[in-house]
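Step one of this worksheet: look at the structure below.
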Amino acid sequence: MRGKYLILSVMVFVLIYFELQISARTLDLSCNAVHDVGKLVLKTNTATFLGGNNTIFGISEEERVNCLTTKKVFEYGAEYPKQSRIACLNYGGLVIGGIIDNDTLMSRFYYYRTFPKEYRSVLEPASNNYENAISEQDFISIYQDNIDTLSQYYDFSNFGWKSLNIEVTKKSYAWSYEYTEDFVLFDIEIKNIGVDIIREVYVGIGISFAVGYYTGNNIIIDDDIGGLYNVNQLQNDCANEVGNIEILWGADNDGDPIDGEFTNTLTHFEGDLIKSATIVSGICFLDNLDERYKGQIKKSFNWWTTEYTPQSKQSYRELLFDLPSTREDYYHELSNGEIDYDQIYTSKITQYDPSWVYPDQEHSDDISDGFSDAAYLLSIGPYDLPPGATVSIPFAYVAGEDFHTNPNNIDYLPHSPQTYYKNLDFSDIAKNAMWARWIYDNPGVDTDGDGDSGRYVECNGERIWVEGDGIPDWKAAGPPPAPYFWLTQQEDAIHVRFNGSRSETEKDIFTKIVDFEGYNIYFGRDDREASLSLVASYDLVNYDKYVWHPELDEGGKYIVEDIPYSLDSLKCLYSNGCDDSLFDPTRFTAVAPLVTSDSIFYFTKHHNNALFSAISKVYPNARDPRFVPEDSLIDDDFTEEGFYKYFEYEFTIDNLLPTVEYWVNITAFDFGSPKSGLQALETSKTVGLQMAYPLSHEEVVDNGNEIFVYPNPYRIDANYRGKSFEGIGEEDRHVDRVRKINFANLPPKCEIKIFSLDGDLIRHLHHDVPASDPTYTHHTWDLITRNTQLIVSGMYYWT
């Protein structure tokens, strides 16, 4: 037993962490299912989203962790971009209405707390459910509209709400790829589990936005605006019609400029650290309903505040509290077929308006400005559901960046809403909504084999598919799978070893070819993407072929038509022979191209063509299994883990400090798809991150190094945070909340006890980490006593 003294000069706040152990397949019923592989972080613990911040509806401290990582989750329903602490969602839920025996019934799932029953991922090929996985994060849950269950969260008795006897199966999907990272897709299946037919069923998605930087104490949630935006055309190289996509959107009313400018940097303002919130988010249906139902299905967009509900004169209804509250009122909102005007136009509705009821003038300006909290409802119907029948409602929660373009735009409200609207940029959220629909129904793919592949347009002489065949696909083109990798601690270094057996052999689901291009190794001091730096790259040697098209752009244009060519293939096609060692494709340029009898073209390197770049093969003499018959492979072709030796690589990151943690990840990327317009896709830089200290216990034992504590003495005036020794990635938290003392050179399993000089036990730390975990030599103490009290300055000893 070793004992050392600790000298502390510090005062800290209490900070308690709870850890939950869960299975990767069956999720714990007291945690949060969170989609966090992409840029959009979204909770999914209710019928659609999680309502509000974590203090409502009796959600305990233990329930505020991520089911998959056991880390604390963001306090509000959604965060965008990830790790920005910009909230974009307060709550959201399903509202379903129907008629049984002339009685109007409603199921309102706003407050229905549910838990996913299953988790699947295409990232886990060893899982039993791998074959059924759709995305990198699938959550599946099933729940019924039982009023007794609902009443524990909300009192429905005053409104006479009754059960519809329906069962809802919710499936939600998220990906980390660059073109998919800004949305989460939902597939909601509603089933009649009763004995009566449910007529004229309408399904709505109710939502309340909460947009702004969350300081840890509060968020401004009463200055948001929203509306309905129609995406009917996006500009690419040529006009590209994408069908009718309507987005129910919400955003902060001015983007929170600071001193007249938008900033992504935390800035002191009125006593808080804040930054601008120029994002937008919302929901959209994925079905092209007009085409699918030939006008038989109608859509409604309604919104209301506590002071006012827009109503058309044609379908006016007297409301009890000037907003829908009874089940009849809600059904009216679901089924009225109205498309309400956007919130900012409220003050422009006059008493002589031919279509809309005159707003309450006491509140109309505040509503137009966004200073009156609003709820929104996007709904479709009707459907008839006989007993046992189902209806599927696919939709997406989508986000976009750079929505606000003018820091002074709020000055145009409430008097000039048209000018205000012109200063909003919907292009990013519109593009993301388009990709969401294309993943739901892949354009150009004949899913059911009936000869219909969807709709296309002619663009630069090429056929560009813009819509699918109407049959759901739920497929996203992704990069090659990330390699398996292991970290080994060394003295002042971390050794990285990885195997790309899957990365270099799996075929793309669309092109049916192996599109692997290379690997990137990232390294940083914390797990935020912005903190990771590229330290090494492996890139296949190949080339893009640019072909001249004289008919394009009124004078001709070079375009890439094919996938990259290998050097060997170019030698055989365009040199003096396949063995021509002097052939260099890059000597042909746009100015001096290669001219054949029927074409003109030139070549450029595809990416860097850095074949190894300090990354070396572990088994340089191993056989390439792609050229060996499967029945001819022998044990020597495989590693101990069962991977092909040919695809095993290693790399060492050196010159590191042994007393700080480092984060490492390895991604795989493909060569893109010129015809579909997709750039090269890379696996997520943050999914699969591993942390290690550059000092192994074996070296500690071999060198006779003793266990030690640092910093010792701990000084409150030493500015450890400013020197990046603590609080990295937690800049929004007070300095006293990120302090820590480190124990180093630990064995995998031990007990650490900290005592006062009088022998009183201050804290008992249990260190039990597998030796395979690269962090097992370290343990930290947050300077909190076993009684969750603040530690006082003084001298302590540990064993």
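Convert by adding 8 to the 1-based position in the sequence shown; the result is the number in the numbering used here. Cβ atoms here follow ideal geometry from the backbone N, Cα and C, with glycine treated the same way.
Between the Cα of L798 and those of I529, D744, Y391, spot the shortest distance and give me the residue it belongs to.
Reading the sequence shown from its first residue, position 790 is the one you call residue 798. Considering only alpha carbons, the answer is D744.
Along the alpha helix (DSSP H) that carries R445, what are the first and last residues, could you check?
As a working mapping, residue 445 is identified with position 437 in the sequence shown. Segment 435-448, the alpha helix (DSSP H) holding R445.
Close-in-space but distant-in-sequence residues of the same chain around F574 (CB under 6 Å, 5 per side omitted)
By 1-based counting over the sequence shown, the position of residue 574 is 566. What sits at residue 574 in the sequence shown is Ser, not Phe. Correct list, in chain order: N550.
Where do the ends of the beta strand (DSSP E) carrying Y338 lie?
As a first step, residue 338 must be located in the sequence shown, where it is residue number 330. It is not in any beta strand (DSSP E) - Y338 instead sits in the alpha helix (DSSP H) that spans 335-343.
Report yes if the CB atom of P488 is closer than 7 Å to the CB atom of S509, and no otherwise.
Numbered from 1 along the sequence shown, position 480 holds the residue referred to as residue 488. Numbered from 1 along the sequence shown, position 501 holds the residue referred to as residue 509. No. Outside cutoff.
Would you call the segment 330-339 in contact with the segment 306-316, where contact means no fewer than 3 C-beta pairs closer than 8 Å?
At 8 Å Cβ cutoff, the stretches touch.
Would you list the residues sitting across from T519 in a DSSP beta bridge?
The count along the sequence shown starts at 1 and reaches residue 519 at position 511. DSSP lists no partner for T519.
For my contact list, I736 and T788 are in at a C-beta cut-off of 8 Å; report their separation, rounded to the angstrom.
Here residue 736 corresponds to residue number 728 of the sequence shown, with the count starting at 1. Here residue 788 corresponds to residue number 780 of the sequence shown, with the count starting at 1. Going by Cβ atoms, the distance from I736 to T788 rounds to 13 Å, so no, they are not a contact pair.
Is the beta carbon of Q351 less than 7 Å from the beta carbon of G234?
Within the sequence shown, the letter at position 343 stands for residue 351. Within the sequence shown, the letter at position 226 stands for residue 234. A contact, by the Cβ cut-off of 7 Å.
Going by DSSP, what residues sit across from Y530 in a beta bridge?
Here residue 530 refers to the residue found at position 522 of the sequence shown. DSSP lists L542, N673 as the bridge partner or partners of Y530.
Check whether the segment 471-478 touches the segment 619-633, taking contact to mean three or more Cβ pairs, one atom from each stretch, closer than 8 Å.
Contact between the segment 471-478 and the segment 619-633 is absent, because fewer than three Cβ pairs lie under 8 Å.
How far does the beta strand (DSSP E) with Y237 in it reach, from first residue to last?
Here residue 237 corresponds to residue number 229 of the sequence shown, with the count starting at 1. For Y237, the uninterrupted beta strand (DSSP E) run begins and ends at 232-239, by DSSP.
Put F655 into one of helix, strand or coil per three-state DSSP.
Walking along the sequence shown from the start, residue 655 turns up at place 647. If DSSP states are grouped into helix, strand and coil, F655 belongs with the helices.
Reduced DSSP category for I388 - H, G, I as helix; E, B as strand; rest coil
Here residue 388 refers to the residue found at position 380 when the sequence shown is read from its first residue. Strand at I388.
Under a Cβ-count criterion, where at least 16 other Cβ atoms within 10 Å of its own Cβ denotes burial, should L158 be classed as buried or exposed?
Stepping through the sequence shown from its first residue, residue 158 is reached at position 150. Any answer about L158 is weak, because its pLDDT of 46 lies below 50 and its placement is not dependable; what the coordinates show is given next. Buried, by the Cβ-count rule.
So who's on the other strand from K80, going by DSSP bridges?
Start at 1 with the first residue of the sequence shown, and residue 80 comes out as number 72. Among the bridge pairs identified by DSSP, K80 is matched with V73.
Just checking, does the segment 82-91 make contact with the segment 365-374 on the three C-beta pairs under 8 Å criterion?
Result no; under three Cβ-Cβ pairs closer than 8 Å.
Determine the closest residue to Y566 out of G526, I608, N140, with distance taken between C-alpha atoms.
The residue labelled residue 566 in the question sits at position 558 within the sequence shown. Shortest Cα-Cα distance from Y566 to any of G526, I608, N140 involves I608.
Going by DSSP, what residues sit across from M497 in a beta bridge?
In the sequence shown, counting from the first residue as 1, residue 497 sits at position 489. Inspection of the sequence shows that residue 497 is occupied by Gln rather than by Met. In the DSSP output, where bridge partners are listed per residue, Q497 has I502.
Proximity of E341 and L386 at Cβ, strictly below 7 Å:
For the purposes of this step, residue 341 is identified with residue 333 of the sequence shown, where counting begins at 1. For the purposes of this step, residue 386 is identified with residue 378 of the sequence shown, where counting begins at 1. Between E341 and L386, the C-beta gap is not smaller than 7 Å, which leaves the two residues out of contact.
Let's test the definition: count the other Cβ atoms within 10 Å of the Cβ of T796 and tell me whether it reaches 16, buried, or not, exposed.
In the sequence shown, counting from the first residue as 1, residue 796 sits at position 788. Label assigned to T796: exposed.
Less than 7 Å separating the beta-carbons of I215 and G100?
On the sequence shown, position 207 is the one that residue 215 refers to. On the sequence shown, position 92 is the one that residue 100 refers to. Cβ atoms of I215 and G100: closer than 7 Å.
Among N173, S184, F217, which residue has its Cα nearest to the Cα of S206?
Within the sequence shown, the letter at position 198 stands for residue 206. Checking the sequence, you will find Ile at residue 206 rather than Ser. Of the residues N173, S184, F217, the one whose Cα lies closest to the Cα of I206 is N173.
Within a Cβ cutoff of 8 Å, which residues of the same chain sit near F763, ignoring the five residues on either side of it in sequence?
By 1-based counting over the sequence shown, the position of residue 763 is 755. Here the set comprises L769, I770, Y804, Y805, W806, T807.
Could you check the C-alpha separation between T793 and R747 for me, to the nearest Å?
For the purposes of this step, residue 793 is identified with residue 785 of the sequence shown, where counting begins at 1. For the purposes of this step, residue 747 is identified with residue 739 of the sequence shown, where counting begins at 1. Using only the alpha carbons, I get a separation of about 14 Å.
Measure the alpha-carbon distance for K179 versus I418 and round it to whole angstroms.
Walking along the sequence shown from the start, residue 179 turns up at place 171. Walking along the sequence shown from the start, residue 418 turns up at place 410. Their Cα atoms are separated by approximately 39 Å.
Drop a sphere of 10 angstroms on the beta-carbon of G279, count the other beta-carbons inside from all chains shown, and report buried for 16 or more, exposed for fewer.
Within the sequence shown, residue 279 is the residue found at index 271, counting from 1. When all chains shown are included, G279 counts as exposed.
Where does Y428 sit, in a helix, a strand or coil, going by DSSP?
Within the sequence shown, residue 428 is the residue found at index 420, counting from 1. Y428: helix per DSSP, three-state reduction.
Collapsed DSSP secondary structure at F591 in the structure displayed
Along the sequence shown, read from residue 1 onward, the residue named residue 591 stands at position 583. Here F591 sits in coil by DSSP.
Closest Cα partner of D377 within the set D262, I472, N440
Start at 1 with the first residue of the sequence shown, and residue 377 comes out as number 369. It is D262.
So for D6, helix, strand or coil by DSSP?
The structure shown does not extend to residue 6, since the chain spans only 9 to 807, so no value can be given for it.
Y1: first and last residue of the uninterrupted alpha helix (DSSP H) it sits in:
The requested residue 1 is not part of the displayed model; the chain covers only 9 to 807.
7 Å Cβ cutoff, Y391 in contact with chain B:
Although the question refers to chain B, the structure presented lacks it and comprises just one protein chain.
Buried or exposed by the 16-neighbour rule on C-beta atoms within 10 Å, applied to P395
For the purposes of this step, residue 395 is taken as residue 387 along the sequence shown, with counting starting at 1. Under this definition P395 is an exposed residue.
In this structure, what does DSSP give as the bridge partners for E690?
Within the sequence shown, residue 690 is the residue found at index 682, counting from 1. F677, per the DSSP bridge assignment.
Does Q91 come out as helix, strand or coil in the three-state DSSP assignment?
By one-based count along the sequence shown, residue 91 stands at place 83. Under the three-state reduction of DSSP output, Q91 falls in the coil class, being neither helix nor strand.
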